[in-house]
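I have placed the structure first, in the form of structure tokens, so that the comments after it can refer back to it.
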Amino acid sequence: MHGYSDRIHHALTYLAKHYHPRAPTQAPLPFVAHPSNVALILARHGADETTIVASILHHLLEIAPATERPGVEAKLRDKFGPVVIGVACDAAAARVDHFGEPLAWRHRKREVLRQLATIEPRALDIRCADEIHECGSAISIAGRLGAEYLEPHGLGTGREQAAWYDDLRQALVRRVDWPSHGLLRELDDHARELCRLADLR
């Protein structure tokens with residue numbers, strides 16, 4: 037893959053048009069920055085173009101209420117092709133309920149664990165990169181403000197975070213068909229640092 041990718045550029049511009057307007061009024065900038073950070077993490081770990089494009093687009097699926105999601109999938113399939121959208125659909129874990137209201141952190145994580153047993157390896161890469169960025173953001177919050185501020189920022193408590201990353205790691209290592217150990221090592225490093233800041237280990 038060359039440094040410039042027209043498909044990645046197209047995905048990012050499409051995301052800017054359809055994703056950014058849904059940013060919450062509180063803390064809109066982290067919401068807007070998250071997809072690009074996930075794509076960058078994947079690029080640094082050598083992900084192919086299809087995986088990176090799918091990572092960008094899966095965020096649109098995550099914020100679509102269930103009634104809107106089939107239409108969103110159809111539009112993305114027409115613009116980006118069935119392979120990309122197949123990976124994106126595998127990777128997407130709903131962030132909103134049927135009415136478009138944000139789901140609780142605990143609910144979202146239960147859904148992610150359910151998915152991890154069956155989604156394809158490229159979707160696992162995306163999910164892991166997504167978790168790396170969320171964990172990095174949690175480290176930043178805990179380091180600047182204290183672990184008690186994790187939950188008010190839409191994350192679990194420090195203890196819930198520690199338990200989540202243990203569960204996540206166990207689910208990932210059971211996937212013998214998933215070779216992306218570099219992503220897992222980075223996730224482990226971040227999880228340990230978050231636990232240290234939360235004074236849990």
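Residue numbers 37 to 237, in the numbering used here, belong to the letters of the sequence shown in order. Ideal Cβ placement from N, Cα and C applies to all residues, glycine included. Just so we're clear, the structure is a prediction, and the values are computed from it rather than from any experiment.
Taking the CB atoms as reference points, tell me whether residue i and residue j lie closer together than 7 angstroms.
| i | j | result |
| --- | --- | --- |
| Val74 | His143 | no |
| Asp161 | Ala83 | yes |
| Ala183 | Gly192 | no |
| Leu96 | Tyr55 | yes |
| Cys164 | Leu223 | yes |
| Ala207 | Leu149 | yes |
| Glu85 | Asp126 | no |
| Arg131 | Ile121 | no |
| Gly136 | Pro101 | yes |
Tell me, please, which residues DSSP counts as bridged to residue i.
| i | result |
| --- | --- |
| Ala138 | A small correction: the amino acid at residue 138 is Pro; Ala does not occupy that position in the sequence shown. DSSP lists Val132 as partners of Pro138. |
Can you tell me the Cα-Cα spacing of residue i and residue j, whole angstroms?
| i | j | result |
| --- | --- | --- |
| Lys115 | Arg158 | 20 angstroms |
| His38 | Ala110 | 29 angstroms |
| Ala140 | Gly190 | 8 angstroms |
| Asp42 | Thr87 | 14 angstroms |
| Arg146 | His46 | 32 angstroms |
| Pro60 | Ala69 | 13 angstroms |
| Pro66 | Thr49 | 18 angstroms |
| Gln62 | Val212 | 40 angstroms |
| Ile18 | Gln151 | Nothing in the structure corresponds to residue 18, since the chain is present only between 37 and 237. |
| Arg58 | Ser72 | 16 angstroms |
| Val209 | Gly172 | 21 angstroms |
| Glu196 | Leu204 | 12 angstroms |
Identify the continuous alpha helix (DSSP H) that holds residue i and give its terminal residues.
| i | result |
| --- | --- |
| Tyr50 | Asp42 to His54 |
| Arg210 | That residue, Arg210, is in no alpha helix (DSSP H); it is neither H nor E in DSSP. |
| Arg158 | Pro157 to Arg180 |
| Arg58 | Segment: none, Arg58 is in no alpha helix (DSSP H) and carries neither H nor E. |
| Pro118 | Pro118 to Ala127 |
| Asp225 | His217 to Leu233 |
On a CA-only basis, which of the options is nearest residue i? Give me that one, please.
| i | options | result |
| --- | --- | --- |
| His226 | Ala127, Ser216, Trp214 and Asp202 | Asp202 |
| Pro118 | Ala174, Val89 and Ala102 | Val89 |
| Pro138 | Ile99, Gly172, Ala165 and Ala128 | Ile99 |
| Arg221 | His81, Ala178, Ala59 and Val108 | His81 |
| Leu233 | Arg210, His217, Tyr185 and Pro57 | Tyr185 |
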